[in-house]
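Colleague: Pasting a structure here, questions to come.
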Amino acid sequence: MDELEEINNKLYMPTHHEKAIISKYESNMNFALSVHKNGFHNMGYWADGPESFDSASKALFDFVVSSLEDDAKECVLDVGAGFGATTISLSDEHKCKNVFGIDVSYSQVEYARKRHEKIGANNNVYFQQMSATEMQFDDDVFDSVIAIDCAIHFNDRVKFLDEANRVLKKGGYLIIADACVNKIPSSYFKRSVVKALLKMWCVPESNVYGISDYRNKIIETGFETIVENSIADKVWRPASEFVMSNKFKDFVLESNDLGKYYLLKAMFKYLNKGYEEGLLDFVIYKARKI
Ligand SMILES: C[S@@+](CC[C@H](N)C(=O)[O-])C[C@H]1O[C@@H](n2cnc3c(N)ncnc32)[C@H](O)[C@@H]1O
């Protein structure tokens with residue numbers, strides 16, 4: 084595609100925030116790939132008691148894209164594509180004609196390209212290092228923009244919504260699956276803990292709001308919302324229970340160091356606590372550009 088060659092020549096300069104994201108994801112790449120062997124790398128949808136992060140992550144992706152209409156499959160943008168499994172599946176399994184996967188992490192983009200080459204899949208799949216908040220695409224080019232478990236990181240989400248609206252054709256679909264931090268608690272101790280976790284998780288404070296504000300922001304950007312579905316009960320508790328299980332421990336320790344395992348356990352303990360205290364949600368939106 085000529086347009087992609089032009090994009091290739093533009094130099095991507097990560098912002099300070101994006102440098103932190105890149106470092107977070109790249110330093111954990113090997114560990115993440117040992118846990119998410121199939122390359123789907125998200126919090127997962129644990130409705131039917133999946134047995135692993137592999138199956139739960141794939142289930143979240145399938146749940147989110149199963150509603151993709153045929154008229155939405157001509158030219159699709161997969162934002163925050165990670166290891167590229169979502170992008171490749173959009174082409175192979177969901178029969179999207181042209182699929183672009185973008186991510187700020189060059190190592191992940193390279194990994195995704197190699198994965199795609201290795202499985203000898205369709206040649207209508209493209210990967211590019213690019214930010215969700217400053218896309219290099221022309222206006223009105225995509226039929227769908229999909230962002231799975233990544234928008235909470237963007238600095239900030241509203242900037243991404245503006246960009247998604249710009250690059251979508253009129254009537255095009257925006258599909259988001261995203262964690263929501265509803266609020267920062269007011270008590271000094273909890274506030275400090277949540278702020279520290281937001282920093283560790285690379286979440287800008289401007290992305291802290293609940294799902295009704297999220298929906299309003301989507302609408303204010305020039306979309307009509309078709310679906311809003313909170314699936315928090317199928318994410319935080321079952322994912323956390325799985326991470327605490329002996330099954331996961333045995334699985335991880337076969338190939339990994341103890342340090343990352345204990346860090347993950349601590350993270351999920353706080354995530355589940357956040358969910359139980361009403362601070363955390365997980366939402367799916369499907370919206371259409373007006
Ligand atoms: C949890 S992973 C999700 C990967 C993929 N969507 C999936 O479900 O397998 C989040 C991804 O978002 C990417 N990301 C974070 N901020 C980004 C930005 N501003 N633009 C593009 N990608 C970004 C990260 O590098 C990471 O690969």
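By this note's numbering, the letter at position 265 of the sequence shown is numbered 348, and the numbering carries on one by one without gaps.
Think of the CB as a built atom: it goes at the ideal place given N, C-alpha and C, for glycine as much as any other residue.
1) Report yes or no: do the region 176-187 and the region 144-156 share at least 3 C-beta pairs separated by less than 8 Å?
2) Decide if T170 is buried, meaning its Cβ has at least 16 other Cβ atoms within 10 Å, or exposed.
3) Mapping the DSSP letters down to three states, classify Y368 as helix, strand or coil.
4) Where K317 and A130 are concerned, what is the direct C-alpha to C-alpha distance, given to the nearest angstrom?
5) Would you grab the beta carbon distance between N290 and H100 for me? Rounded to a whole angstrom, and I think it's under 8 Å.
6) Can you list the beta strand (DSSP E) stretches of 3 or more residues lying completely in the region 87-162, in chain order?
7) Name the residue from K273, S269 and A260 whose alpha carbon lies nearest to the alpha carbon of K369.
8) Sort D245, I235, K282 and K102 by Cα distance to V264 and report the nearest one.
9) Alpha carbon to alpha carbon, how far is Y29 from A349?
10) My guess is that K395 and D223 are in contact by the Cβ rule of under 8 Å, so how many angstroms apart are they, rounded?
11) So which of F325, F146, G357 and K197 has the shortest CA-CA distance to V276?
12) Taking 7 Å as the cut-off, does the CB of H99 come closer than this to any heavy atom belonging to ligand 1?
13) Can you tell me the Cα-Cα spacing of R371 and R249, whole angstroms?
14) With which residues is A230 paired in a DSSP beta bridge?
15) Heavy atom of ligand 1 less than 7 Å from the Cβ of I231, yes or no?
16) Buried or exposed: N125, going by 16 or more other Cβ atoms within 10 Å of its Cβ?
17) Classify M213 as buried or exposed, calling it buried when 16 or more other Cβ atoms lie within 10 Å of its own Cβ.
18) When you compare the region 135-144 with the region 157-164, are there three or more beta-carbon pairs, one atom per stretch, that lie closer than 8 Å?
19) Going by the C-beta, is G127 closer than 7 Å to any heavy atom of ligand 1?
20) D137: beta carbon under 7 Å from a heavy atom of ligand 1?
Modeller: Quick look at the numbers:
1) The region 176-187 makes contact with the region 144-156; the number of CB pairs closer than 8 Å reaches 3 or more.
2) It is buried - the Cβ of T170 has at least 16 other Cβ atoms within 10 Å.
3) Residue state, collapsed to three classes: strand.
4) Near 5 Å, if we compare the C-alpha coordinates of A130 and K317.
5) Their Cβ separation, rounded to whole angstroms, is 11 Å, which puts N290 and H100 out of contact at 8 Å.
6) Complete beta strand (DSSP E) runs here, min 3: 158-162.
7) Here the closest residue by C-alpha is A260.
8) Closest by C-alpha distance to V264, out of D245, I235, K282 and K102, is I235.
9) Here the chain has residues from 84 to 373 only, and residue 29 is not among them.
10) Residue 395 lies beyond the stretch modelled for the chain, which goes from 84 to 373, so this question has no answer here.
11) Among F325, F146, G357 and K197, the Cα nearest to that of V276 belongs to G357.
12) Remark: the C-beta of H99 is outside contact range of ligand 1, defined as less than 7 Å to any heavy atom.
13) If I take the Cα positions, the gap works out to 12 Å.
14) The beta-bridge partner set that DSSP reports for A230 consists of V162 and I259.
15) Result yes, Cβ under 7 Å from ligand 1.
16) Classification of N125: buried, given that the 10 Å Cβ count is 16 or more.
17) Label assigned to M213: buried.
18) Segments in contact, no.
19) Flag unset: Cβ of G127 not near ligand 1.
20) For D137, the CB stays at least 7 Å from every heavy atom of ligand 1.
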